[in-house]
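Trainee: In this note's numbering, the protein residues as written are 965 to 1216.
Glycine residues also receive a C-beta, built at the ideal position from the N, C-alpha and C atoms.
Source: prediction; values computed, not measured.
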Amino acid sequence: MRIDVVSIFPEYLSPLDLSLIGKARASGLLDLHVHDLRSWTTDRHRTVDDAPLGGGAGMVMRPEPWAAALAAVRKAGRGSLEEPEAVPHLLVPSPAGAPFTQAMAHELADEAWLAFACGRYEGIDERVLDAAAEQGPVTPVSLGDYVLNGGEVAVLAIVEAVARLLPGVLGNPESVVEESHAPATGGLLEAPVYTRPATWEGRSAPDVLLSGHHAKVAAWRREQSLRRTAARRPDLLSRVDAAQLTRADMAV
Ligand code: ADE
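Structure representation (structure tokens):
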């Protein structure tokens, strides 16, 4: 997968050199390019923002450097993918975007090329998104109902969530199957986990986990998932497919 990120703070993306994502880049599974938006400014002060039309607080990112940056990214990506018609799926982190979910992470993990436009200040002039939408898919995406100072932290989260789903990035591909929000758990939160020692500071791990009885362990985990989801995220319970509920689930 190729990923391009455009930001006025390219250093903000340096954690993408670390850990499993860093390894995925080193091994070529992930071809990630971070670009400085200011390289596409033309004035002496490398200006990227201006006052909002219609007034109001804050500044808005000007369309010219964004248009030039996105055109250059498209050109570079087409060259590297050797597909003259390829276009990236442009993701624009914004508190006004659609909520980023695990389902969206799975969809994005199937794409060949993603590009991120990191807004700062009050956001990017809307015409940049309108023009980009004539070239390819554009999705404004939100990490949650709170406001960050810019899109960079959202990109770190989204790239990690997507890249770990790419085949070969995680050591054990099973890890992504039974985690919170994964399709296999029916979108529920995952059950609590324990490791050795079986008793630590007088606290015992649940006996069933030491029983070696796989069906009982699975039933226990399912019950814990339902209880935890009901307690912490009751909104997710409505997503559970009623046809998939077992008699044991009903008893929880
Ligand atoms: N930029 C600012 N706030 C954001 C949020 N909540 N999600 C994604 N990008 C953002």
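What is the DSSP secondary structure of ASP1199, counted as helix, strand or coil?
Mentor: The count along the sequence shown starts at 1 and reaches residue 1199 at position 235. Helix at ASP1199.
Trainee: Within 10 angstroms of its Cβ, does GLU1116 collect 16 or more other Cβ (buried), or is it exposed?
Mentor: Counting from 1 along the sequence shown, the entry for residue 1116 is found at position 152. Result: buried.
Trainee: Output the residue ranges of the alpha helix (DSSP H) runs that lie fully inside the region 1074 to 1114 and measure 4 residues or longer, sorted by chain position.
Mentor: Listed in chain order, they are 1090 to 1097.
Trainee: Which residues in the same chain as VAL970 place their Cβ atom closer than 6 Å to its Cβ, once the five residues preceding and following it in sequence are excluded?
Mentor: Position 6 of the sequence shown, counted from the first residue, corresponds to residue 970. Cβ within range, chain order: HIS999, LEU1001, ALA1033 and ALA1081.
Trainee: Looking at VAL970 and the ligand ADE, is the gap between the Cβ and the nearest heavy atom below 6 Å?
Mentor: Translated into the one-based positions of the sequence shown, residue 970 becomes position 6. No, the beta carbon of VAL970 sits no closer than 6 Å to any heavy atom of the ligand ADE.
Trainee: Check whether the Cβ atoms of LEU1120 and ALA1079 lie closer than 7 Å to each other.
Mentor: Locating residue 1120 in the sequence shown gives position 156, counting from the first residue. Locating residue 1079 in the sequence shown gives position 115, counting from the first residue. Going by C-beta atoms, LEU1120 is not nearer than 7 Å to ALA1079.
Trainee: Give a yes or no on whether the C-beta atoms belonging to GLY1114 and MET1025 are separated by under 7 Å.
Mentor: The sequence position of residue 1114 within the sequence shown is 150, counting from 1. The sequence position of residue 1025 within the sequence shown is 61, counting from 1. Contact flag unset, no.
Trainee: Name the two residues that bound the continuous alpha helix (DSSP H) containing ARG966.
Mentor: Sequence index remark: in the sequence shown, residue 966 carries index 2 (1-based). From DSSP, ARG966 is part of no alpha helix (DSSP H) but of the beta strand (DSSP E) over 966 to 971.
Trainee: Can you tell me which of the three DSSP states ASP1171 falls into?
Mentor: The sequence position of residue 1171 within the sequence shown is 207, counting from 1. Correct three-state label for ASP1171: helix.
Trainee: Given the structure, does VAL1111 come close to the ligand MG, in the sense that its CB is under 6 Å from one of the ligand's heavy atoms?
Mentor: Looking at this structure, you won't find the ligand MG anywhere; what it does contain is the ligand ADE.
Trainee: To the nearest angstrom, how far is it from the Cα of ALA1069 to the Cα of ARG1128?
Mentor: Working through the sequence shown from its first residue, we reach residue 1069 at position 105. Working through the sequence shown from its first residue, we reach residue 1128 at position 164. Their backbone Cα atoms lie some 10 Å apart in a straight line.
Trainee: Confirm the yes/no value for this check: CB of ALA1118, any heavy atom of the ligand ADE, distance under 6 Å.
Mentor: Translated into the one-based positions of the sequence shown, residue 1118 becomes position 154. Under cutoff, so the answer is yes.
Trainee: Would you grab the beta carbon distance between ALA988 and VAL1141 for me? Rounded to a whole angstrom, and I think it's under 8 Å.
Mentor: One-based indexing of the sequence shown puts residue 988 at position 24. One-based indexing of the sequence shown puts residue 1141 at position 177. In fact, because the Cβ distance is near 19 Å, the residues do not count as touching under 8 Å.
Trainee: Report the option in THR1065, ARG1211 and SER1144 whose CA atom is closest to the CA atom of VAL1105.
Mentor: Counting from one through the sequence shown, the residue named residue 1105 turns up at place 141. Answer by Cα proximity: THR1065.
Trainee: Is THR1163 buried or exposed, if buried means 16 or more other CB atoms sit within 10 Å of its CB?
Mentor: Residue 1163 sits at position 199 when you count from the first residue of the sequence shown. The residue in question, THR1163, is exposed, as its Cβ has fewer than 16 Cβ neighbours within 10 Å.
Trainee: Name the one or two DSSP bridge partners that MET1025 has.
Mentor: Counting from one through the sequence shown, the residue named residue 1025 turns up at place 61. Answer is ASP1013 and ILE1088, bridged to MET1025.
Trainee: Distance check for GLU1143 and THR1159, CA to CA, integer angstroms please.
Mentor: Counting from one through the sequence shown, the residue named residue 1159 turns up at place 195. Counting from one through the sequence shown, the residue named residue 1143 turns up at place 179. Distance between the alpha carbons of THR1159 and GLU1143: 17 Å.
Trainee: Round the Cβ separation of PRO1027 and ARG966 to the nearest angstrom and send it over; I've been treating them as touching at under 8 Å.
Mentor: Here residue 1027 refers to the residue found at position 63 of the sequence shown. Here residue 966 refers to the residue found at position 2 of the sequence shown. Contact flag wrong, Cβ pair sits at about 24 Å.
Trainee: If you follow the alpha helix (DSSP H) that SER1058 is part of, which residue opens it and which one closes it?
Mentor: For the purposes of this step, residue 1058 is identified with residue 94 of the sequence shown, where counting begins at 1. Segment 1053 to 1063 is the beta strand (DSSP E) holding SER1058; no alpha helix (DSSP H) there.
Trainee: Shortest alpha-carbon distance to PRO979 belongs to which of SER1139, VAL1123, ALA1146 and GLU1187?
Mentor: For the purposes of this step, residue 979 is identified with residue 15 of the sequence shown, where counting begins at 1. The option with the nearest alpha carbon to PRO979 is VAL1123.
Trainee: Rounded to whole angstroms, what's the CA-CA distance from ASP1089 to TYR976? Just pull it up for me.
Mentor: Against the sequence shown, residue 1089 aligns to sequence position 125. Against the sequence shown, residue 976 aligns to sequence position 12. Each residue's alpha carbon lies about 22 Å from the other.
Trainee: Tell me which same chain residues have a C-beta within less than 7 Å of the C-beta of ASP1013, skipping the five on either side of it?
Mentor: Taking the first residue of the sequence shown as 1, we reach residue 1013 at position 49. The answer, listed in chain order, is MET1023, VAL1024, MET1025, ARG1026 and TYR1085.
Trainee: Helix, strand or coil for HIS1178? Go by DSSP, reduced to three states.
Mentor: For this step, residue 1178 is matched to residue 214 along the sequence shown. Here HIS1178 sits in helix by DSSP.
Trainee: For ARG1042, which residues from the same chain have a beta carbon less than 7 Å from its beta carbon, with the 5 sequence-adjacent residues on both sides left out?
Mentor: Translated into the one-based positions of the sequence shown, residue 1042 becomes position 78. So the qualifying residues of the chain are PRO1048 and ALA1050.
Trainee: Cβ-heavy atom distance between PRO1059 and the ligand ADE below 6 Å?
Mentor: In the sequence shown, the residue the question calls residue 1059 occupies position 95. Yes, the beta carbon of PRO1059 sits closer than 6 Å to at least one heavy atom of the ligand ADE.
Trainee: Taking the DSSP output, what are the residues bridged to LEU996?
Mentor: Reading the sequence shown from its first residue, position 32 is the one you call residue 996. The partner list for LEU996 (beta bridge, DSSP) reads ILE967.
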